[in-house]
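Numbering (this note's numbering), first residue to last: 2 to 236.
Each remark here refers to the structure printed beneath this line.
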């Protein structure tokens, strides 16, 4: 069952397609105002969503590794406060069966930067756009769990999400005592460009659950690492 809408405002980083776009759609369906970012200047699914919902969707351009774009985004919305900032950014190495012994240094760095450094840089740059009792969330993965890694596989992706989780824990420690809620979301294996066509779950069945958890975490200060059912994931 969908969580009751609060009619708030959400800033979704990485909303042009996939999970980010699906989350934008779900928030809209619940009566929220949505600002979503896209990387380039071309037309995306988010632009179609904006056309279908005039006055309720705003689009901003952002490459999370471009400091000038980050600053411009912050300046554009400096006079506003969002109830939720959710960062949805992720990639994987081309051959995901590669081990740490096989992957090139360049590709390893690219995955780490995109999945760990980039999202945290966004949070550091945009945190003051979130209300003091709002929520900052990041799309993590169950594969970022160290405790649950008993079978291995997807070594580079796992390492990058574990790094993201540790960075977010350090961020939470630095901001202990503040009233904002912090969330690492483990959405499950979903059929997206990243998850692939053989993934277990569809976006249609998972995204409402994800948004339920995000909305439900509001008003609960501190960091949690949760799956799409709101269950705690082992660190």
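By construction, the Cβ of each residue, glycine as well, lies at the ideal position given by its N, Cα and C atoms.
Query raised in the report: On the premise that residue 214 lies in contact with residue 186, defined as a C-beta separation below 8 Å, what is that separation, rounded to the nearest angstrom?
Result: The Cβ separation is near 7 Å, so the contact holds.
Query raised in the report: So what's residue 136 in DSSP terms, helix, strand or just coil?
Result: Strand.
Query raised in the report: What residue range is occupied by the uninterrupted beta strand (DSSP E) comprising residue 124?
Result: In the DSSP assignment, residue 124 falls outside any beta strand (DSSP E) and lies within the alpha helix (DSSP H) extending over 119-127.
Query - Distance between residue 46 and residue 177 (C-alpha atoms, nearest Å) - result: For residue 177 and residue 46, the gap between their C-alpha atoms comes out near 38 Å.
Query raised in the report: Can you give the Cα-Cα distance for residue 32 and residue 10, rounded to whole angstroms?
Result: Cα to Cα, residue 32 sits roughly 9 Å from residue 10.
Query raised in the report: On the three-state DSSP scale, how would you describe residue 109?
Result: DSSP places residue 109 in helix when its eight states are reduced to three.
**Report entry** Boundaries of the alpha helix (DSSP H) in which residue 47 is found, first to last residue
**Finding:** Boundaries of the alpha helix (DSSP H) harbouring residue 47: 46-53, taken from the DSSP string.
Query raised in the report: residue 34 by DSSP, collapsed to three states: which one?
Result: Reduced to three states, the DSSP call for residue 34 is strand.
Report task. To the nearest angstrom, report how far apart residue 98 and residue 43 are at their CA atoms. Result -> Between residue 98 and residue 43, the C-alpha separation is close to 32 Å.
Query raised in the report: Buried or exposed: residue 101, going by 16 or more other Cβ atoms within 10 Å of its Cβ?
Result: When all chains shown are included, residue 101 counts as exposed.
Requested in this report: Measure from the alpha carbon of residue 64 to the alpha carbon of each residue in 8, 232, 14 and 25, then state which is nearest.
Outcome: Comparing Cα positions, the closest option is 14.
**Report entry** Distance, residue 17 Cα to residue 50 Cα
**Finding:** Approximately 10 Å, taken between the alpha carbons.
Query raised in the report: Alpha carbon to alpha carbon, how far is residue 222 from residue 87?
Result: Per the coordinates, the alpha-carbon of residue 222 lies some 16 Å from the alpha-carbon of residue 87.
Query raised in the report: Is there contact between the region 72-81 and the region 119-136, where contact requires at least three CB pairs shorter than 8 Å?
Result: Contact between the region 72-81 and the region 119-136 is present, because at least three Cβ pairs lie under 8 Å.
Query raised in the report: Once you ignore the five residues that flank residue 61 on each side, which residues in its own chain have a CB closer than 7 Å to its CB?
Result: 36, 38, 74 and 77, listed in sequence order.
**Report entry** Inter-residue Cα distance where the pair is residue 119 and residue 69
**Finding:** Their Cα atoms are separated by approximately 14 Å.
**Report entry** Contact check, residue 208 vs residue 20, beta carbons under 8 Å
**Finding:** Cβ distance < 8 Å, so residue 208 and residue 20 count as in contact.
Query raised in the report: Taking the DSSP output, what are the residues bridged to residue 86?
Result: For residue 86, which the question treats as bridged, DSSP gives the partners 12 and 137.
Query - 8 Å Cβ cutoff met for residue 239 and residue 117 - result: Because the chain here runs from 2 to 236, residue 239 falls outside it and cannot be looked at.
Query raised in the report: DSSP on residue 165, reduced to helix/strand/coil?
Result: Residue state, collapsed to three classes: helix.
Query raised in the report: Once you ignore the five residues that flank residue 142 on each side, which residues in its own chain have a CB closer than 7 Å to its CB?
Result: So the qualifying residues of the chain are 162 and 187.
Report task. On a CA-only basis, which of 123, 205, 229 and 184 is nearest residue 218? Give me that one, please. Result -> Nearest C-alpha to residue 218: 184.
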